[in-house]
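Asks: Got a structure for you, written out below as structure tokens; questions coming shortly.
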Amino acid sequence: MKKSILAVSLVAVVSGSALAQEKFATLGDHLPKKGEPTELQLQNAGPIAVTADNFIMAESDKYFFEQQVESKMNTFNHADTLVTPDNQTVVRQNRDTLYSKGIFDTQGGLTFELPDLDTYQSLQVIDEQHRTIGVIYAEEGKNKITVTPDMLSSGEHVWAIIRTQVASMDEKDLEAGRGKQRLVKIEANSANPYVAKGFEQVSREQTRLEQERNILKIDLTRSFGAPGSEQVREFDAKVATAMGFGGLPSQHAFYKVLIAEDRSGACQTMTFEKPPLKEKGFFSVTTYGSDGYIHAYNYATSSREITPNKDGSITVNFNCEGEKNNLDVPANWSGILRMYMPQDLNEIVAYGKKVEMPHSK
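In mature numbering (1 follows the signal peptide of the UniProt record, and there is no 0), the protein residues as written are -20 to -1, 1 to 341.
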């Protein structure tokens, strides 16, 4: 009898372990380790110590020289799959869209043009001070931008990112999204390489972690914006650069950081009204581990797949097995509610304040 009980117990333990392995990924060695610069970063390092005062440029510099290696000058590198725990490369990625990224020389004028689509596609241009030069959409009259060096905070190069929404994670819809990625037109008149500025990378990474600790103290509406914008505050901009390089200004996307009442991994839930977004707008909830990386395979959901409540409100559950719209989360997790294409800035700010944090049932 005792042997039978022991055998059943062992089976339960093994089954539970197998289930946990299926839900959560073993993160690969290719991912940057917290607080440790990568080999590529060290290769581009120099003697300039990084402090809070020069952190934004140092962090932008890192993204610029890394992108140049990945996609070469004046060329987009199109990601042809949605982000998973196994293919993520940096912290706080998401599977909201297919992403295309590149670094470009603005000397002589640089022009981007998106197609006219009936679905969401945007292109954002960012300078070396992490300021957004412009955002265009795949809509007639809103789909073209020309960038020249005098439009930048400093420097002559920009980092650009295209976000292309797909209808679902099915291969047919992914292939349709890939086709839309390839429709972007680029006209560049210079191809001078970007030269790393020589920032010391250990102090840059240490400063990034220090800035991240202030994540709950910032106003995200004052974190991203155009060169010279009075809306952007230095403190907020530094923290936002540390937590999510390439974030959209709030009139284009609104972000709410989610910190659960109980972060032990216990069942948590949140209910919110449908966000006030434009026709092509959408929203998502994405979860992360304490290191900022994606740990669960079922780590996100969005308006394209969420089942709403009867009254139209949205409930998202976390580690609530068997409940609808349920996500798997590790201990000490956090999340981000992303809302793309708000109808109005003041309206989405007021809405965001009303959204409750995840809590116990």
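Every residue gets a Cβ at the ideal spot worked out from N, C-alpha and C, and that includes glycine. Just so it is clear, the structure is predicted and the values come from calculations on it, not from any experiment.
Taking the Cβ atom as the reference point for each residue, do Arg284 and Ala147 lie within a distance shorter than 8 Å?
Replies: Yes, they are a contact pair.
Asks: In chain order, what residues of the same chain have a beta carbon less than 8 Å from the beta carbon of Tyr235, not counting five sequence neighbours either side?
Replies: So the qualifying residues of the chain are Leu200, Gly224, Gly227, Ile316, Leu317, Arg318, Met319.
Asks: Return the CA-CA distance between Thr267 and Val296, expressed in angstroms with no decimal places.
Replies: Approximately 11 Å between the Cα atoms of the pair.
Asks: Flag Leu154 as yes if its beta-carbon sits less than 8 Å from any beta-carbon of chain C, otherwise no.
Replies: No chain C appears in the structure shown, which is made up of a single protein chain.
Asks: Can you tell me where the beta strand (DSSP E) with Leu317 in it begins and where it stops?
Replies: Element bounds for Leu317: 314 to 322.
Asks: Looking at the secondary structure, which residues open and close the alpha helix (DSSP H) in which Tyr331 lies?
Replies: Per DSSP, Tyr331 belongs to the alpha helix (DSSP H) from 325 to 334.
Asks: For Gly159 and Ser244, what's the separation of their Cα atoms in angstroms?
Replies: Roughly 42 Å separates the two Cα atoms.
Asks: What residue range is occupied by the uninterrupted alpha helix (DSSP H) comprising Ile36?
Replies: Here the alpha helix (DSSP H) through Ile36 covers 35 to 51.
Asks: Would you report the Cα separation of Gln161 and Ser51, rounded to the nearest angstrom?
Replies: Spanning the two alpha carbons is a distance of roughly 15 Å.
Asks: Who are the near neighbours of Ser(-12) in its chain, counting only those whose CB is closer than 8 Å to its CB and skipping five residues on each side?
Replies: Because Ser(-12) sits at a pLDDT of 44, beneath the cut-off of 50, its placement in the model cannot be relied upon, and the following sentence gives the value as read from the coordinates. For Ser(-12), where only same-chain residues beyond five positions count, there are no Cβ hits under 8 Å.
Asks: Look up Gln161 in the DSSP assignment and say whether it is helix, strand or coil.
Replies: Looking at Gln161 - three-state DSSP - the assignment turns out to be helix.
Asks: Quick check on the DSSP output: what are the complete alpha helix (DSSP H) runs of length 4 or more inside the region 77 to 136, in order along the chain?
Replies: Correct list: empty.
Asks: For Phe215, name the three-state secondary structure that DSSP assigns.
Replies: The answer is helix: DSSP assigns Phe215 an H, G or I state.
Asks: Please list, in chain order, all residues of the same chain as Gly178 whose beta carbon is under 6 Å from its beta carbon, the five residues on each side excluded.
Replies: Cβ within range, chain order: Gly26, Ile28.
Asks: Going by Cα to Cα distance, which pick from Ser102, Gln109, Gln23 is closest to Gly157?
Replies: When only C-alpha atoms are compared, the closest one is Ser102.
Asks: Alpha carbon to alpha carbon, how far is Glu303 from Phe45?
Replies: Distance between the alpha carbons of Glu303 and Phe45: 44 Å.
Asks: Beta-carbon separation of Asn169 and Gly261 under 8 Å?
Replies: No, Cβ-Cβ distance for Asn169 and Gly261 is not below 8 Å.
Asks: Cα separation between Ile294 and Asp271?
Replies: Distance between the alpha carbons of Ile294 and Asp271: 28 Å.
Asks: Using a Cβ-Cβ cutoff of less than 7 Å, which residues in the same chain neighbour residue 346 once the five nearest sequence positions on both sides are dropped?
Replies: Since the displayed the chain opens at -20 and closes at 341, residue 346 lies outside it and no answer follows.
Asks: Using 8 Å as the threshold, is the C-beta distance between Ala280 and Arg75 below it?
Replies: It is a contact, given that the beta carbons lie within the stated cut-off.
Asks: Going by the DSSP bridge assignment, what does Ala233 pair with across the sheet?
Replies: DSSP, once it has assigned bridges, lists Tyr320 as partnering Ala233.
Asks: Could you work out which residue in Glu119, Glu180, Asp60 is closest to Lys152 when comparing CA atoms only?
Replies: Among Glu119, Glu180, Asp60, the Cα nearest to that of Lys152 is on Asp60.
Asks: Rounded to whole angstroms, what's the CA-CA distance from Asp66 to Leu78? Just pull it up for me.
Replies: Asp66 and Leu78: Cα-Cα distance of roughly 16 Å.
Asks: Beta strand (DSSP E) containing Glu259: first to last residue?
Replies: Residues 257 to 268.
Asks: Does the beta-carbon distance from Pro256 to Glu327 come in below 8 Å?
Replies: Cβ atoms of Pro256 and Glu327: closer than 8 Å.
Asks: Checking 8 Å against the spacing of the C-beta atoms, do Thr86 and His137 come in under that value?
Replies: Cβ distance < 8 Å, so Thr86 and His137 count as in contact.
Asks: Which class does Met337 belong to by DSSP, given the choice of helix, strand or coil?
Replies: In the structure shown, Met337 sits in coil (DSSP, three-state: anything other than H, G, I, E or B).
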